[in-house]
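**Student:** Quick note: the sequence shown uses our numbering, first residue 146, plus one each step.
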Amino acid sequence: MNYLAHLYLSGDSEDLVVGNFIGDSVRGDCFKALSTGVQNGVRLHRCIDSFTDSHPIVRRSKQRMWHQFGRYSSVVADVFFDHFLARDWHRYHPMPLAGYSSHICRILNTRLNEFPERSRRFLDYMVDNQVLASYATISGIGKVLAQMAARARFESRMECGGRELGRCYSGYRKDFKEFFPDLRRHAEASIATLDETSKPPA
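1. Does the Cβ of Y280 have 16 or more other Cβ atoms within 10 Å, making it buried, or fewer, making it exposed?
2. Sort R204, K288, A337 and E262 by Cα distance to G321 and report the nearest one.
3. Would I283 and G316 qualify as a contact pair, given that the criterion is a beta-carbon distance under 8 angstroms?
4. What do you get for K344, buried or exposed, if any count of 16 or more other CB atoms within 10 angstroms of its CB means buried?
5. Using 8 angstroms for Cβ pairs, my map puts F196 next to L328. What's the rounded Cβ distance?
6. In whole angstroms, what is the alpha-carbon distance linking C250 and R256?
7. Give, in chain order, every unbroken run of the alpha helix (DSSP H) that is at least 4 residues long and sits entirely within the segment 154-201.
8. Look at the Cβ atom of V224, then the Cβ atom of N147, and state whether they are nearer than 8 angstroms.
9. In terms of residues, what are the limits of the alpha helix (DSSP H) holding S343?
10. Using only the alpha-carbon positions, how far apart do H200 and S206 sit?
11. Between the beta-carbon of V187 and the beta-carbon of E259, is there less than 8 angstroms?
12. State the CB to CB distance for the pair N185 and G164, rounded to an integer number of angstroms; the pair is presumed to be in contact (CB under 8 angstroms).
13. Can you tell me whether S219 is helix, strand or coil according to DSSP?
14. C192: buried (16+ other C-beta within 10 angstroms of its C-beta) or exposed?
15. Taking the CB atoms as reference points, tell me whether G306 and G285 lie closer together than 8 angstroms.
16. Distance check for H190 and L179, CA to CA, integer angstroms please.
17. Are the Cβ atoms of A150 and D269 separated by less than 8 angstroms?
18. Should A337 go down as buried or exposed, given a rule of 16 or more other Cβ atoms within 10 Å for buried?
19. If you scan the segment 223-259 from start to end, which runs of the alpha helix (DSSP H) of 4 or more residues do you find wholly inside it?
20. Need the endpoints of the alpha helix (DSSP H) that S301 sits in, please.
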């Protein structure tokens, strides 16, 4: 999943939000100097990614687009699924998406001292371009993927992502609607486990 889903699945915990946001920028166990709550956010990020990558419905989405994006299909599928979360945001959260995006950015901006440099740069970009809200439209998804394509190390064709989403919109939406309840349950269970295992000994 991409940024919107990771942030949403963190729930109301600011520590989990921070850890989940910086998760892609942290390698190995280099996050152990952070607070326990933020460490759990990084671990939650990895739990979400692992569950998503191995789920048969996500594999179905990736197979549908493999001819177009090859090894980048996982990246594109993550962004597509964030689109469907944003599109139907009112079904998942009481706060409008624009307000939620502003709320999350305020939280993250108060915790910059805990961010790797890469995460700081992306937060600036996310705020300036209203990235989370832009996920709700196909044109916004096309722009996000075009910018990813410009940064990719290899030929990715991700700049064609908006067109691919439109080509098989109902199929990708069906995949998301079947998959996301499983992911929510997994994230909730992972949070409960992380909370339990991080408690100090009695």
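Ideal placement from N, C-alpha and C gives every residue a C-beta, glycine not left out.
**Tutor:** In terms of the structure at hand:
1. buried
2. Going by the sequence as given, residue 321 is Phe instead of Gly. Out of R204, K288, A337 and E262, R204 has the C-alpha closest to the C-alpha of F321.
3. no
4. exposed
5. 6 angstroms
6. 10 angstroms
7. 159-167 and 181-199
8. yes
9. S343 -> no alpha helix (DSSP H), and no H or E assigned at all.
10. 10 angstroms
11. no
12. 6 angstroms
13. helix
14. buried
15. no
16. 15 angstroms
17. no
18. exposed
19. 242-254
20. Per DSSP, S301 belongs to no alpha helix (DSSP H) and is neither H nor E.
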